[in-house]
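Q:
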Ligand code: UD1
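In this note's numbering, the protein residues as written are 2 to 419.
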């Protein structure tokens with residue numbers, strides 16, 4: 002089994018550029034399939050990661066043509082199929098974006114349940130109730146979903162009981178071909194929603210309000226290709242790079258980012274003693290001081306992203322005093338704690354809250370990451386641990402990041418892949 006050997010104690014210094022956003026790319030690939038003509042849709046700045054490759058395989062299975070090369074995806078053609086086997090859907094959460102796309106385009110879907118990271122309960126009720134309101138009939142049995150719509154989807158006023166990112170995307174995708182106006186109330190406000198909206202706008206859909214809690218979208222039965230769209234930078238990778246720089250007492254410039262997408266995190270970093278300078282799309286992070294203990298909450302955007310929670314926990318192990326971390330989005334995203342404890346972290350958990358007593362001198366051990374963000378956090382723990390940490394679970398790392406270990410090595414880390 003492949004592993005990383007991470008030798009800790011090296012300061013990061015230099016310039017680094019994050020990849021394009023995984024989550025935005027996944028939504029935009031699904032959206033590209035809405036085109037009703039045979040013109041190509043070009044998506045640029047796509048990260049070369051396994052989740053994207055799986056998404057491309059699903060698109061090909063559905064009959065469209067896909068070329069993925071040099072961080073660019075080209076999609077055209079027509080749907081010939083509306084079945085996605087569970088062997089594919091269970092590989093990633095974003096497979097459920099094809100519900101909205103297929104039901105709007107072909108009137109039916111026949112697929113397995115979505116998969117994704119094991120970060121606690123991940124219900125699909127908001128997706129289902131929204132699509133039902135638009136006219137979809139669901140039949141869910143034996144881990145399979147069959148659904149159809151008798152006529153065309155109907156635009157509706159849809160209230161979300163929680164501002165789910167996935168449900169907001171799915172409704173936008175379905176509503177793009179629905180009859181009339183759809184209003185999403187309590188919509189997610191994440192930057193990936195704005196990116197999807199900008200892309201759909203280029204394809205001819207009229208949308209307002211993306212990035213606010215009220216999105217208004219007018220459906221169109223003809224959606225054109227012949228569009229080029231560049232995906233936004235990955236704010237989660239940017240956050241990881243910022244924290245890795247901070248905990249190693251580094252001096253790093255993150256280029257080609259959108260600093261606003263990480264304001265909550267950058268504010269936290271500056272509060273605990275790290276020097277942050279923002280100039281255009283550059284974020285300069287420098288740390289020469291001991292980290293102060295902190296209290297941080299993970300919340301929907303513009304709060305700190307839940308995806309950064311595991312690595313913020315690593316940062317808390319390096320802060321002096323008692324820190325607390327609350328995750329309001331995925332309150333059970335804590336499976337990695339036992340691994341950090343093996344490395345010497347002092348952590349107590351009470352439901353959605355962690356309390357950490359630092360600073361802990363983390364020490365080498367053999368650890369395994371069980372989801373994308375957990376394995377990344379353990380990699381960063383290795384950067385500050387004494388000795389050489391052995392890290393397993395790399396297939397999760399490659400689901401979300403193209404060459405993070407190499408990028409970190411380029412700015413001074415010592416990570417060997419075996
Ligand atoms: C997306 C991201 C993920 C990120 C998350 C929150 C992708 C592929 N994944 O996941 O990286 O951590 O947003 O920013 O973009 N919920 C329900 N019912 C539903 C749907 C969600 O109760 O039908 C709950 C979830 O259990 C969770 C919360 O809503 O507690 C947030 O989930 P959601 O925003 O939907 O996350 P995802 O779209 O799955």
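For each residue, glycine too, the CB sits at the ideal point set by N, CA and C.
Does any heavy atom of the ligand UD1 sit closer than 7 Å to the C-beta of residue 306?
A: Translated into the one-based positions of the chain shown, residue 306 becomes position 305. For residue 306, the Cβ falls inside the 7 Å cut-off from some heavy atom of the ligand UD1.
Q: Quickly, what does DSSP pair residue 262 with across the bridge? List them, please.
A: Taking the chain shown and counting its residues from 1, the one referred to as residue 262 is at position 261. Paired residues: none, contrary to the question.
Q: Hey, which unbroken runs of the alpha helix (DSSP H) at 4 residues or more fall wholly within the segment 176-234?
A: 192-203, all fully within the segment 176-234.
Q: Here's the rule: buried if 16 or more other CB atoms are within 10 angstroms of the residue's CB, otherwise exposed. What is residue 232?
A: For this step, residue 232 is matched to residue 231 along the chain shown. Result: buried.
Q: Taking its Cβ as the centre, do 16 or more other Cβ atoms sit within 10 Å of residue 117, making it buried, or is it exposed?
A: Taking the chain shown and counting its residues from 1, one reaches residue 117 at position 116. That one is buried.
Q: Does DSSP classify residue 35 as helix, strand or coil?
A: In the chain shown, counting from the first residue as 1, residue 35 sits at position 34. Three-state result, residue 35: coil.
Q: Who pairs with residue 284 in a beta bridge, going by DSSP?
A: Residue mapping note: residue 284 aligns to position 283 of the chain shown, counting from 1. Residue 284 is bridged to 255, 279.
Q: May I ask whether a heavy atom of the ligand UD1 can be found less than 7 Å away from the beta carbon of residue 124?
A: On the chain shown, residue 124 is found 123 positions in, with the first residue counted as 1. Flag set: Cβ of residue 124 near the ligand UD1.
Q: Report the option in 364, 204, 158 whose CA atom is closest to the CA atom of residue 183.
A: Counting from 1 along the chain shown, the entry for residue 183 is found at position 182. It is 158 whose Cα lies nearest to the Cα of residue 183.
Q: In chain order, what residues of the same chain lie with their CB nearer than 6 Å to the CB of residue 241, ignoring the 5 residues before and after it?
A: Numbered from 1 along the chain shown, position 240 holds the residue referred to as residue 241. Taken in chain order, the residues that qualify are 312, 377.
Q: Helix, strand or coil for residue 47, going by three-state DSSP, please let me know.
A: In the chain shown, residue 47 corresponds to position 46, counting from 1. Three-state result, residue 47: coil.
Q: By the DSSP assignment, the alpha helix (DSSP H) with residue 112 in it spans what residues?
A: To locate residue 112, count along the chain shown from 1; it is residue 111. Note, residue 112: premise wrong, no alpha helix (DSSP H); beta strand (DSSP E) at 109-113.
Q: Helix or strand or just coil, what does DSSP make of residue 293?
A: As a working note, residue 293 is residue 292 in the chain shown. Of the three classes helix, strand and coil, the one that applies to residue 293 here is strand, per DSSP.
Q: Give the range of the alpha helix (DSSP H) segment to which residue 396 is assigned.
A: Position 395 of the chain shown, counted from the first residue, corresponds to residue 396. Its alpha helix (DSSP H) spans residues 395-401.
Q: Evaluate residue 334 with the Cβ neighbour count: other Cβ atoms within 10 Å of its Cβ, from every protein chain shown; 16 or more gives buried, anything less gives exposed.
A: Translated into positions along the chain shown, residue 334 becomes position 333. Counting Cβ neighbours within 10 Å, residue 334 comes out buried, since at least 16 surround it.
Q: Closest to residue 99 by CA distance: which of 73, 175, 186, 52 is it?
A: Walking along the chain shown from the start, residue 99 turns up at place 98. When only C-alpha atoms are compared, the closest one is 175.
Q: Helix or strand or just coil, what does DSSP make of residue 167?
A: By 1-based counting over the chain shown, the position of residue 167 is 166. Helix, per DSSP.
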